[in-house]
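Novice: Residue numbers (the working numbering): 2 to 298.
Cβ atoms here follow ideal geometry from the backbone N, Cα and C, with glycine treated the same way.
Note that the structure is predicted; figures quoted are calculated from it, not measured.
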DNA sequence: AGCGGTCAAGTTGAT
DNA sequence: ATCAACTTGACCGCT
């Protein structure tokens with residue numbers, strides 16, 4: 002069975018994830034600050050609960066959890082430990098409830114740390130901050146039972162091979178809980194599937210195949226070939242990404258995402274696979290639901 | 001209630 | 001040189 006996944010947010014459904022800024026927190030007194038963070042974390046745990054139920058009721062098979070589910074968790078000045086927050090126990094219990102419900106309804110949960118999370122940087126401080134971020138998402142992943150933390154290759158820094166060697170060294174040094182969840186995705190500027198596949202095969206880190214990125218930044222593999230190669234890197238249900246270009250393929254800006262998915266962009270040869278396809282489209286749940294109906298599963 | 005300014009982080013490529 | 005894009009707007013504070 003193929004399942005479609007929703008990324009992070011809702012367009013129409015009244016399910017909101019909250020956040021704050023370091024600047025605002027800095028204006029609060031100690032105590033107030035922790036109460037604010039605590040209430041945001043708890044609110045987000047409850048929103049995730051709603052998101053999972055929404056997916057269940059709308060035949061959406063997977064949900065990507067926003068990196069800011071615990072706002073500012075790894076900020077150098079504002080970072081915190083959840084168990085020390087005023088509502089820490091309740092927050093953790095609520096996330097574990099999310100995990101229980103996700104499992105009960107077979108909703109797959111994933112993470113996608115944002116662009117600042119890099120294992121390719123030559124700067125050790127950037128790598129250290131990235132590891133902090135990965136470890137935080139790994140902790141939440143443990144509570145909710147997420148099985149993917151997906152990152153990009155990052156920059157080339159003038160030498161792709163050296164950058165990829167740094168990625169590989171950093172992967173080999175990860176602790177095992179994190180390494181079990183980490184995946185890497187081809188992007189639309191630097192790293193193609195051909196660039197990443199050797200690293201995936203050597204390290205056991207699966208390739209999240211993004212077909213839209215591959216169409217924006219092709220290599221010598223066809224979509225069929227890249228699909229087959231990516232599938233071989235997975236030791237659990239594979240995860241792919243799909244989107245459609247906002248203004249068509251000849252606009253000069255094909256990497257921009259459309260509100261919806263053009264069914265012509267969905268490859269027929271994915272249809273029969275056991276696979277999760279996360280839908281990156283601005284109309285969010287509306288796009289996933291529309292595609293699901295159009296594909297007539 | 002509505003709206004404008006602002007927000008932690010890295011890298012690339014378009015302008 | 002600046003800036004938008006990247007998986008995503010949301011929040012605060014003013015009117």
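Cα-Cα, which of 269, 89, 38 is closest to residue 69?
Specialist: Position 68 of the first chain holds residue 69. The candidate whose alpha carbon is nearest that of residue 69 is 38.
Novice: What residues in its chain sit with their C-beta under 8 Å from that of residue 90, if we drop five residues either side in the sequence?
Specialist: If you number the first chain from 1, residue 90 lands on position 89. Taking residue 90 as the centre and dropping the five residues before and after it, the same chain places the C-beta of 84 closer than 8 Å to its C-beta, in chain order.
Novice: Using C-beta distances below 7 Å, list every residue in its chain close to residue 99, excluding the 5 sequence neighbours before and after it, in chain order.
Specialist: Within the first chain, numbered from 1, the residue matching residue 99 stands at position 98. Once the five neighbours on either side are set aside, the close Cβ partners of residue 99 are 46, 49, 50, 53, 145.
Novice: Closer than 8 Å by C-beta to residue 97: which residues in its own chain qualify, once you throw out the five before and the five after it? Chain order, please.
Specialist: Your numbering for residue 97 matches position 96 in the first chain. When the five nearest sequence neighbours on each side are left out, the beta carbons in the same chain lying within less than 8 Å of the beta carbon of residue 97 are those of 144, 145, in order along the chain.
Novice: Taking the alpha helix (DSSP H) that residue 129 falls in, what are its first and last residues?
Specialist: Position 128 of the first chain, counted from the first residue, corresponds to residue 129. Element bounds for residue 129: 125-145.
Novice: What residue range does the alpha helix (DSSP H) around residue 99 cover?
Specialist: Reading the first chain from its first residue, position 98 is the one you call residue 99. Residue 99 -> alpha helix (DSSP H) spans 89-105.
Novice: Starting from residue 111, follow its DSSP beta bridges and name the residues at the other end.
Specialist: Working through the first chain from its first residue, we reach residue 111 at position 110. DSSP lists 65, 149 as partners of residue 111.
Novice: Please report how far the alpha carbon of residue 249 lies from the alpha carbon of residue 281, in whole angstroms.
Specialist: In the first chain, counting from the first residue as 1, residue 249 sits at position 248. In the first chain, counting from the first residue as 1, residue 281 sits at position 280. The alpha-carbon atoms of residue 249 and residue 281 are separated by roughly 15 Å.
Novice: So, using beta-carbon positions, are residue 155 and residue 191 closer together than 9 Å?
Specialist: Taking the first residue of the first chain as 1, we reach residue 155 at position 154. Taking the first residue of the first chain as 1, we reach residue 191 at position 190. For residue 155 and residue 191, yes; Cβs fall inside 9 Å.
Novice: Residue 211 by DSSP, collapsed to three states: which one?
Specialist: Reading the first chain from its first residue, position 210 is the one you call residue 211. Correct three-state label for residue 211: strand.
Novice: What are the boundary residues of the beta strand (DSSP E) that includes residue 279?
Specialist: The residue labelled residue 279 in the question sits at position 278 within the first chain. Going by DSSP, residue 279 is part of the beta strand (DSSP E) stretching over 276-280.
Novice: For the putative contact between residue 175 and residue 183, defined by C-beta atoms under 8 Å, what is the C-beta separation to the nearest angstrom?
Specialist: For this step, residue 175 is matched to residue 174 along the first chain. For this step, residue 183 is matched to residue 182 along the first chain. With a Cβ gap of about 7 Å, residue 175 and residue 183 count as contacting.
Novice: Who are the Cβ neighbours of residue 202 in its own chain at under 7 Å, not counting the five residues just before and after it?
Specialist: Reading the first chain from its first residue, position 201 is the one you call residue 202. For residue 202, the CB contacts under 7 Å within the same chain, skipping 5 residues up- and downstream, are 234 in chain order.
Novice: Leaving out the 5 sequence neighbours to the left and right, which residues in its chain are closer than 8 Å to residue 72 when beta-carbon positions are compared?
Specialist: Here the question's residue 72 lines up with position 71 in the first chain. Only 19, 20, 21, 38, 41, 42, 45 meet the Cβ criterion.
Novice: Less than 9 Å between the beta carbons of residue 150 and residue 114, yes or no?
Specialist: Numbered from 1 along the first chain, position 149 holds the residue referred to as residue 150. Numbered from 1 along the first chain, position 113 holds the residue referred to as residue 114. It is a contact, given that the beta carbons lie within the stated cut-off.
Novice: Which same chain residues, not among the five before or five after residue 14, have their C-beta less than 7 Å away from its C-beta?
Specialist: Within the first chain, residue 14 is the residue found at index 13, counting from 1. Close CB contacts of residue 14 within its chain, under the 7 Å cut and outside five residues either way in sequence, are with 55, 286 (chain order).
Novice: Start and end of the alpha helix (DSSP H) containing residue 197?
Specialist: As a first step, residue 197 must be located in the first chain, where it is residue number 196. That run of the alpha helix (DSSP H) goes 194-204.
Novice: Helix or strand or just coil, what does DSSP make of residue 21?
Specialist: Here residue 21 is taken as the residue at index 20 of the first chain, counted from 1. Coil.
Novice: Is residue 124 buried or exposed, if buried means 16 or more other CB atoms sit within 10 Å of its CB?
Specialist: The residue you call residue 124 lines up with position 123 of the first chain. The residue in question, residue 124, is exposed, as its Cβ has fewer than 16 Cβ neighbours within 10 Å.
Novice: Compute the beta-carbon to beta-carbon distance between residue 109 and residue 6, rounded to the nearest angstrom, for a pair I have assumed lies under 8 Å.
Specialist: For the purposes of this step, residue 109 is taken as residue 108 along the first chain, with counting starting at 1. For the purposes of this step, residue 6 is taken as residue 5 along the first chain, with counting starting at 1. About 7 Å; that satisfies the 8 Å criterion.
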